[in-house]
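Protein chains in written order, with this note's numbering: chain U, 2 to 337; chain H, 2 to 337.
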């Protein structure tokens, strides 16, 4: 265990992530200092925000520096420890690097509970990262009420699938928007969404008019662009829009913002609120317990899209921006 | 008392309100039916929303129909009653018509308390209408905390003057934006704002950089357009924007919305929420008592801009859109 593999940011992407933007290196492993421990990563989480961190656009934490290990959500087990209270075999998850062996003093990590009946990929992928995003975004900001109409874009993705199912648990009519018939069928047939619009083959606005002639109370926004505009035009009075992501613009070279909807926000008394899941970190125990409970009761299903091999991370991440993933995208760094 | 004067909407304005859009008529007064009473109006409130109601743009209540009496905030005393529990001399305020004698069954009206030490123009103009707008918009949506920086546009207007003073009561640094040195001096010297930017002679963005290098936590938005854009660019993380009005666009023939700030709303986790004061109607007693208390304690000063004569209403209302009023704009229909 004297070397490790790591993806480093070689240069900032222009437009789509290209070969060579990230560099896969084998490096000597630095010895542990007092207070540090070594994690062998099991899963690496690939998320839309990865592209933000690679850029120097305005963002909510410092971008990854050129030459630094690529930042990502990770989980792994302790294989060596020089930190009090941390033992070999302990399971941690949080923010780390795209590597197989990670030296940490615990900053940005927390212990991941192992819950019988919930596989590690679901516990990490759903309870650890995208679950709280869906939970707080929908419940705190969206404030769903029984009978209301909820639209969620990127419906088959990591966050979207959970948002829609929580919406159903809360008694909403849930309309997903996803790319392709397989994803649309899955969120309706397997997850119980009321409907799903295939943005690749259908006119989103016309389908919304047909499926939700009453208008939309909550728009859980993840994609931005024309899809967001189509939904926003159909918001009802006192509608809420948790603004979780704008993935359609992350790869844009000359990003044109969707237009403002200021007059409509005023007249219809809409609430738009941007958020990042870490804003809710002090309440992660609440979301984790609620989500785990729904999973154990069979009310919350999840689907991961697991790609084996750290060396494939830089290729896999591109699928997020083309819709090539089906479920929460994870890289299996080491078999669990 | 067999005739009354009334302003009726003759046609919808195109651009600025023009002579002939409103028609001043003398009409026979219809006899009171059972359950009705007759109010002699004391004050008519002129508000930015008047222009919205005259148009057929998207809005939050039905527009005024062509030929109907122009809608407005009114207060007046009962001069004749055929309604149980309503006596001659009772004072009412609420939504009514631009008239001197108004027949009502009480719909849209409520009793206006007469508080010793508070003149009727202030009680009606401040406690009855713009006060709750400022109170709920700032406190419920803006959620000011001590030490935060609050910017309020249209700072010397009816709502803005109260927003800024409540901001000071709550411990904020308050920066107003107003047109001309007299208004700017008044909000600083008389009302205790920390600073005021004269948008007619100063570069709003540069002044904000100088006065609030720390950025802006709360933008109480009333005007839209370039001023809103200058403020939005300087919002701090977790900033809030009560969206109260967009007056700069109300007279536009081909209204161009200010651009979207979606990426910034996401990355800085901003909250934008549109509201109309009537959304808070069930809580008007709360705002009325709080505002009256601050007025009696000398912490809340108000300035009305009172124009005598109902016949002058159609001319006076135009001042709202050119910045020609200084304080809450009222028409004195009958001496109080």
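Beta carbons: idealized from backbone N, C-alpha and C, even for Gly.
Can you find a CB in chain H that lies within less than 8 Å of the CB of residue i?
| i | result |
| --- | --- |
| residue 75(U) | no |
| residue 158(U) | no |
| residue 322(U) | no |
| residue 265(U) | yes |
| residue 277(U) | yes |
Taking DSSP's pairing of strands, which residues face residue i in a bridge?
| i | result |
| --- | --- |
| residue 58(H) | Paired residues: none, contrary to the question. |
| residue 275(H) | 244(H) |
| residue 82(H) | 38(H) |
| residue 93(U) | 77(U), 112(U) |
| residue 197(U) | 177(U) |
| residue 8(H) | 25(H) |
| residue 220(H) | 152(H) |
| residue 45(H) | 75(H), 332(H) |
| residue 316(U) | DSSP lists no partner for residue 316(U). |
| residue 104(H) | 39(H) |
| residue 206(U) | Answer by DSSP bridge pairing: none, since residue 206(U) is not bridged. |
| residue 283(H) | For residue 283(H), which the question treats as bridged, DSSP gives no partner whatsoever. |
| residue 70(H) | 9(H) |
Can you tell me the Cβ-Cβ gap for residue i and residue j, rounded? I've got them flagged as a contact below 8 Å.
| i | j | result |
| --- | --- | --- |
| residue 67(U) | residue 60(U) | That belief does not hold up - the Cβ atoms of residue 67(U) and residue 60(U) are roughly 15 Å apart, past 8 Å. |
| residue 216(U) | residue 236(U) | 6 Å |
| residue 150(U) | residue 213(U) | 5 Å |
| residue 166(H) | residue 192(H) | 6 Å |
| residue 297(H) | residue 47(H) | Actually they are not in contact, since the Cβ atoms of residue 297(H) and residue 47(H) sit about 26 Å apart, beyond 8 Å. |
| residue 370(U) | residue 78(U) | The question about residue 370(U) has no answer, for chain U in this structure spans 2 to 337. |
| residue 20(U) | residue 335(U) | 25 Å between Cβ atoms; not a contact. |
| residue 293(U) | residue 128(U) | 6 Å |
| residue 121(U) | residue 244(H) | Actually they do not touch by this definition, with Cβ atoms about 45 Å apart. |
| residue 242(U) | residue 272(U) | 7 Å |
For chain U, check one thing: does any of its Cβ atoms lie closer than 8 Å to the Cβ of residue i?
| i | result |
| --- | --- |
| residue 258(H) | yes |
| residue 232(H) | no |
| residue 52(H) | no |
| residue 244(H) | yes |
| residue 16(H) | no |
| residue 271(H) | yes |
| residue 13(H) | no |
| residue 235(H) | no |
| residue 274(H) | yes |
| residue 143(H) | no |
Residues of chain U with a CB under 7 Å from the CB of residue i: which are they?
| i | result |
| --- | --- |
| residue 60(H) | 268 |
| residue 138(H) | Per Cβ cutoff of 7 Å: no residues; residue 138(H) is ~11 Å from chain U at best. |
| residue 280(H) | 270 |
| residue 247(H) | 263, 264, 267 |
| residue 225(H) | 263 |
Tell me which same chain residues have a C-beta within less than 7 Å of the C-beta of residue i, skipping the five on either side of it?
| i | result |
| --- | --- |
| residue 270(U) | 238, 239 |
| residue 259(U) | 225, 226, 229, 230 |
| residue 82(U) | 38, 88, 89 |
| residue 136(H) | 167, 288, 291, 292 |
| residue 69(U) | 9, 10 |
| residue 113(U) | 76, 92, 93, 94, 124, 125, 129 |
| residue 144(U) | 241 |
| residue 201(H) | 180, 181 |
| residue 277(H) | 61 |
For residue i, which residues in the same chain have their Cβ closer than 6 Å to its Cβ, ignoring the five residues on either side in sequence?
| i | result |
| --- | --- |
| residue 328(U) | 304, 305, 306 |
| residue 111(H) | 95 |
| residue 179(U) | 156, 157, 185, 197 |
| residue 17(U) | 252 |
| residue 123(H) | 303 |
| residue 318(H) | 47, 51 |
| residue 98(U) | 70 |
| residue 159(U) | 131, 329 |
If the cut is a Cβ gap below 8 Å, which residues of chain U does residue i touch?
| i | result |
| --- | --- |
| residue 121(H) | Near residue 121(H) there are no residues of chain U at all, since even the closest Cβ is about 30 Å away, more than 8 Å. |
| residue 172(H) | Near residue 172(H) there are no residues of chain U at all, since even the closest Cβ is about 24 Å away, more than 8 Å. |
Please list the partners that residue i has in chain H, where partner means a Cβ-to-Cβ separation under 8 Å.
| i | result |
| --- | --- |
| residue 261(U) | 258, 259, 260, 261, 262 |
Near residue i, which residues of its chain fall below 8 Å by C-beta distance, leaving aside the five closest residues on each side in sequence?
| i | result |
| --- | --- |
| residue 147(U) | 171, 172, 173 |
| residue 12(U) | 21, 22, 67 |
| residue 309(U) | 332, 333 |
Anything in chain U within Cβ reach of residue i, meaning under 9 Å, just list it in chain order.
| i | result |
| --- | --- |
| residue 250(H) | 263, 264 |
Against residue i, what residues of chain H qualify as contacts under a CB-to-CB distance less than 7 Å, listed in chain order?
| i | result |
| --- | --- |
| residue 41(U) | The premise fails here: residue 41(U) is roughly 33 Å from chain H at the closest Cβ pair, so nothing lies under 7 Å. |
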